[in-house]
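Presented below is the structure to which this report refers.
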Amino acid sequence: MALAVTGGAVTAVNAAPGVSAAAAPATDWLHVSGNKIVDSAGNPVWLTGTNWFGFNATERVFHGLWSANITQLTASMAQRGINLVRVPISTQLLLEWKAGQATAPNVNTYANPELTGMNSLQIFEYWLQLCERNGIKVLLDVHSAEADNSGHVHPVWYKGTVTPEMYYQGWEWAATRWKNNDTVVAFDLKNEPHGTPNDTVRAKWDDSTDVDNWKNTAETAAKRILAINPEVLILVEGNEVYPREGETWNSPNTDPDLSPNYYYNWWGGNLRGAKQHPINLGAHQDQLVYSPHDYGPLVFNQPWFDKPFDKASLTDDVWRPNWFYLHENGTAPLLIGEWGGRLGQDARQDKWMTALRDLIVENQLHQTFWVLNPNSGDTGGLLLDDWKTWDEQKYALLKPALWQHGGKFVGLDHQVPLGGDGSTTGISLGQRYGDGGSDGDTTAPGAPGQPTAGTITANSVALSWTAATDNVGVTAYDVLRNGTVVATVSATSYTATGLAASTAYIFSVRARDAAGNVGAASAGRSVTTSAGGGGGDQGCTATYKTTTSWSGGFQGEVTVRNTGTAAGSAWTVNWTYPAGTTIGSLWNGVVGTPAVTVRNAAHNGALAAGASTTFGFVGTGTATTPAPITCTLS
1 MALAVTGGAV TAVNAAPGVS AAAAPATDWL HVSGNKIVDS AGNPVWLTGT NWFGFNATER
61 VFHGLWSANI TQLTASMAQR GINLVRVPIS TQLLLEWKAG QATAPNVNTY ANPELTGMNS
121 LQIFEYWLQL CERNGIKVLL DVHSAEADNS GHVHPVWYKG TVTPEMYYQG WEWAATRWKN
181 NDTVVAFDLK NEPHGTPNDT VRAKWDDSTD VDNWKNTAET AAKRILAINP EVLILVEGNE
241 VYPREGETWN SPNTDPDLSP NYYYNWWGGN LRGAKQHPIN LGAHQDQLVY SPHDYGPLVF
301 NQPWFDKPFD KASLTDDVWR PNWFYLHENG TAPLLIGEWG GRLGQDARQD KWMTALRDLI
361 VENQLHQTFW VLNPNSGDTG GLLLDDWKTW DEQKYALLKP ALWQHGGKFV GLDHQVPLGG
421 DGSTTGISLG QRYGDGGSDG DTTAPGAPGQ PTAGTITANS VALSWTAATD NVGVTAYDVL
481 RNGTVVATVS ATSYTATGLA ASTAYIFSVR ARDAAGNVGA ASAGRSVTTS AGGGGGDQGC
541 TATYKTTTSW SGGFQGEVTV RNTGTAAGSA WTVNWTYPAG TTIGSLWNGV VGTPAVTVRN
601 AAHNGALAAG ASTTFGFVGT GTATTPAPIT CTLS
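Okay, so the sequence shown: first residue is 1 according to UniProt numbering, each after it adds one.
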C-alpha cells in the first residue's frame with residue numbers, strides 16, 4: 001500500500017483502477033529470499049532506478065530545483081521506468097531534522113510554487129508523497145557524516161561532532177520517522193567506506209569491535225534500525241581493501257606491484273570480507289542486501305582497464321571475487337548502488353558500462369544508476385544541463401536494466417502503477433502478479449534451437465542457437481555444458497572458454513522469462529576441441545600489447561591466462577625480438593635469456609583455472625609485436 005504522510009497523520013492512497021486492493025498485500029515492504037528480493041507474498045521483484053543527489057550537500061535539498069520543477073521531474077522518472085530512487089543525505093542533516101533545526105533551502109519557487117515556505121524536511125516529505133503518487137519507492141543513503149558536497153571523500157561514518165553514537169542515533173530517528181511509510185523501503189547504511197592501512201582513518205572489515213571496523217558498525221546500526229522497523233531493507237556496502245591470503249590488517253600497505261598485501265577495489269566495492277566475515281543480522285537476516293559500487297576508467301583508470309577486457313574477464317578478475325560471488329552462491333541479493341558514466345568519450349568506458357549492464361540484466365541484479373544529476377563531474381547525468389531533457393543515448397543503455405513486463409515498466413507499489421493512476425507506460429506490482437498476489441505468468445518458454453558450433457579451438461567453442469518463444473518474452477538463456485549451467489546470457493550466442501584440448505563436450509541451452517519460468521533444454525550438441533599445437537602448453541595463453549611508445553623505446557605488457565581446467569603453480573612466457581630490441585626493466589615477473597624468457601614472480605605464479613595475471617616492461621628499440629609468443633603452465 002502507498003502511504004501519504006501529512007501533518008503527522010498517515011493516510012492510504014486509493015488503489016489504481018482495475019486492481020483489487022484487498023487481494024494484493026496490504027503493504028509494500030520487501031524481504032530477502034536467498035539471492036532475491038521478494039514482496040510479502042513471496043513474489044520476486046526487481047529494484048531498478050537511479051540516484052538524485054543534493055540533500056547530502058551544503059544545499060540540503062535536491063540539486064536542480066533552481067530550474068526544474070520537482071513534480072514534473074518525479075513524474076518523468078516514473079514514466080521512464082525508474083521504480084527506485086537512491087537519495088544521498090548526511091548524518092548531519094538527519095541530526096538537524098531530529099533536533100527540529102531544518103532550514104529553508106534555496107529553491108526557485110517560481111519554478112516550484114508548491115514548495116513555497118517549506119524547509120528541507122518538509123520538501124523531502126512532500127517529495128515522498130509525489131513518489132507515492134507515481135508508484136516510486138525510495139532508498140535513503142547516508143552519503144557522508146557532514147553536509148558537504150565533498151563529504152563522501154572522508155573514509156568513515158564519523159567526523160568531528162558526528163560521533164559513531166550520533167551516527168547510530170541519526171539512523172534510529174529516520175527509522176522511527178518513516179516506520180509506517182512503505183515508500184521508504186530501504187536504508188543504505190553508509191556510502192563508500194574506504195581508506196587503506198597507511199591512512200590515519202580507514203574502514204576495515206573483520207570480526208573485531210574496533211571503531212573503524214565497518215562490519216561491526218553496519219551490524220550495530222542495522223540491529224538498532226530493525227528494532228524500530230523490522231520491515232526495512234538494510235543495504236551494506238563494501239570497503240576499499242582487504243588483506244590477501246596470509247596477510248592481516250597489520251600488514252604494511254606497500255606498492256601492490258611489488259608486495260601485494262591487499263586486494264584493492266573501488267570505494268565501497270570490496271566485499272571480499274563478507275565471505276570470511278559475513279554480516280549477521282540474527283533474526284532479521286532476511287532484510288540484508290549487499291551493495292557494491294563499480295565504475296569505469298573515466299572515473300579512475302583501475303589496473304584492469306589497462307589490459308584487454310570483456311564481460312567475461314571483468315567477471316572473473318573483478319566482479320566475481322569482489323561481490324558477484326554473493327549472488328552466485330545464493331548468499332544474499334546484490335544492489336549495485338552506483339554505476340554509470342559518460343558515453344562516447346572512451347571506448348573502454350563504453351565497453352565497461354555495456355558489460356556491467358549486461359551482467360545486471362542477465363542476472364536481474366538490483367541497481368540504482370549514477371546519476372540523474374547533469375552536474376556530476378565524474379559521470380554526467382541522465383538529464384542534460386537544462387534539468388528537463390533526457391540524454392537519450394545514456395537512457396537507451398540503461399533501459400534494458402529497468403524492470404519491464406509485457407512492454408510496460410513495473411513499479412514496486414502493489415496498487416499504484418509506475419507513473420501514477422492512468423499511466424500508459426507502467427504497471428503496479430499488483431497488476432504484474434495478478435489479483436491473487438501470485439505470479440500471473442506461469443507459462444515457461446519453449447526450448448531454443450539446438451546449438452551450432454562455429455569456431456573451435458583447443459580451449460574454446462563459439463556457440464549460437466535460434467531463439468525460444470514465450471507467451472510474454474524470453475529474457476535470458478542458460479548455457480549448459482555436460483548438463484551443468486556454466487553461463488546465463490541475453491543473446492543467442494556464447495563462446496565457451498577454459499576447455500581442455502582434444503576433449504568432447506555436450507552443450508545445450510534453455511530459456512528463461514521475466515517471471516522466472518525456465519523452459520526445457522534444447523537438444524544437445526557434441527563438440528570436440530582441437531588438439532592445438534605450436535603454442536606451448538594448451539592450458540596457457542599469453543597476450544602481448546604495446547601500451548605506449550616513443551623514439552627509441554616503448555612500454556608493453558603481457559597478460560597470462562590459465563585456459564585449462566586445473567590450477568597451475570608457475571608459468572613461463574617466451575618470444576623473440578628483432579635485432580636491436582631488448583627489455584630494459586620488467587615488473588611482476590623475472591626476465592631471462594636466451595631470446596626473451598619471462599617467468600612468474602613469487603607472488604603471481606599460482607593461477608586458478610580461468611584466472612589471469614599481467615606483467616609489464618620497458619623496452620629499447622623498435623616497438624613491435626613478436627610472433628610467435630608461447631606460454632607454458634605447470
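Glycine included, C-beta positions come from ideal geometry on N, C-alpha and C.
Same chain, Cβ closer than 6 angstroms to residue i, five either side skipped, listed in chain order
i           : result
residue 454 : 462
residue 226 : 284
residue 398 : 369
residue 57  : 149
residue 128 : 183
residue 666 : Only positions 1 to 634 of the chain appear in the structure, and residue 666 is not among them; the question remains open.
residue 537 : Low per-residue confidence applies at residue 537: pLDDT is 41, beneath 50, and the placement is therefore not dependable, though the value from the model is reported in the following sentence. Correct list, in chain order: 632, 633.
residue 622 : 581
residue 517 : 444
residue 199 : none
Nearest-angstrom Cβ-Cβ length linking residue i and residue j, presumed shorter than 8 angstroms
i           : j           : result
residue 105 : residue 146 : Not a contact, Cβ separation roughly 16 angstroms.
residue 338 : residue 366 : With 8 angstroms as the limit, residue 338 and residue 366 do not qualify as a contact, their Cβ atoms being about 12 angstroms apart.
residue 51  : residue 372 : 6 angstroms
residue 545 : residue 308 : 7 angstroms
residue 563 : residue 529 : Between residue 529 and residue 563 the Cβ distance is about 11 angstroms, and since that is not below 8 angstroms, they are no contact.
residue 524 : residue 549 : Residue 524 to residue 549, Cβ: 48 angstroms. No contact.
residue 542 : residue 606 : At roughly 17 angstroms, the Cβ-Cβ gap does not stay under 8 angstroms, so residue 542 and residue 606 are not in contact.
residue 89  : residue 172 : Actually they are not in contact, since the Cβ atoms of residue 89 and residue 172 sit about 15 angstroms apart, beyond 8 angstroms.
residue 221 : residue 156 : Not quite, the Cβ-Cβ distance comes to about 13 angstroms (not below 8 angstroms), so this is no contact.
residue 447 : residue 520 : 5 angstroms
residue 230 : residue 272 : Residue 230 to residue 272, Cβ: 29 angstroms. No contact.
residue 186 : residue 142 : Not confirmed; about 12 angstroms, so no contact.
residue 219 : residue 279 : 6 angstroms
residue 333 : residue 61  : Incorrect: roughly 31 angstroms between the Cβ atoms, too far for contact.
Same chain, Cβ closer than 7 angstroms to residue i, neighbours up to 5 away in sequence not counted
i           : result
residue 489 : 362, 476, 477, 479
residue 583 : 591, 596, 617, 619
residue 589 : 598, 599, 600, 601, 615
residue 260 : 244, 603
residue 311 : 355, 358, 359
residue 295 : 266, 339, 341
residue 531 : 458, 501, 502
residue 469 : 445, 446
Nearest neighbour of residue i, chosen from the options [CA to CA]
i           : options            : result
residue 459 : 495, 162, 132      : 495
residue 159 : 191, 430, 616, 92  : 92
residue 424 : 43, 90, 406, 379   : 406
residue 313 : 561, 602, 96, 57   : 561
residue 422 : 248, 78, 27, 612   : 78
residue 150 : 505, 254, 377, 102 : 377
residue 290 : 396, 188, 141, 246 : 188
residue 248 : 215, 197, 428      : 197
residue 165 : 95, 336, 446, 409  : 95
residue 99  : 253, 121, 110, 627 : 121
residue 235 : 217, 385, 109      : 217
residue 587 : 484, 556, 382, 576 : 556
residue 192 : 75, 215, 395       : 215
residue 393 : 381, 252, 416      : 381
residue 609 : 629, 573, 569      : 569
residue 613 : 623, 384, 627, 304 : 304
residue 565 : 559, 506, 101, 499 : 499
residue 473 : 404, 485, 456, 219 : 404
residue 629 : 547, 540, 621      : 540
residue 266 : 273, 239, 274      : 239
residue 48  : 483, 522, 395      : 395
residue 512 : 506, 505, 522      : 522
Contact set for residue i: own chain, Cβ-Cβ below 8 angstroms, skip 5 residues either direction
i           : result
residue 387 : 64, 67, 68, 73, 374
residue 429 : 24, 28, 39, 43, 45, 410, 411, 412, 413, 414
Between the stretch 77-86 and the stretch 28-41, can you find at least three pairs of beta-carbon atoms closer than 8 angstroms? no
Residue ranges of each beta strand (DSSP E) within the stretch 351-388, 3 or longer: Those beta strand (DSSP E) runs which fall completely within the stretch 351-388 and span 3+ residues are 366-369.
Ordered list of alpha helix (DSSP H) runs contained in the stretch 175-260, each at least 4 residues: 214-226
Kindly confirm or deny that the stretch 130-144 and the stretch 205-215 touch, where touching means at least three C-beta pairs closer than 8 angstroms. no
Count the C-beta pairs between the stretch 23-32 and the stretch 342-359 that are closer than 8 angstroms, then say yes if the count reaches three, no if not. Between the stretch 23-32 and the stretch 342-359, the count of C-beta pairs closer than 8 angstroms stays below three; the two stretches do not touch.
Quick check on the DSSP output: what are the complete beta strand (DSSP E) runs of length 3 or more inside the stretch 136-180, in order along the chain? 137-144
May I have a chain-ordered list of the beta strand (DSSP E) segments no shorter than 3 residues that lie completely inside the stretch 412-498? 452-456, 461-464, 474-481, 484-489, 493-496
Please go through the stretch 292-353 and give each complete alpha helix (DSSP H) segment of 4 or more residues, from N-terminal end onward. 311-314, 325-328
Output the residue ranges of the alpha helix (DSSP H) runs that lie fully inside the stretch 13-85 and measure 4 residues or longer, sorted by chain position. 70-79
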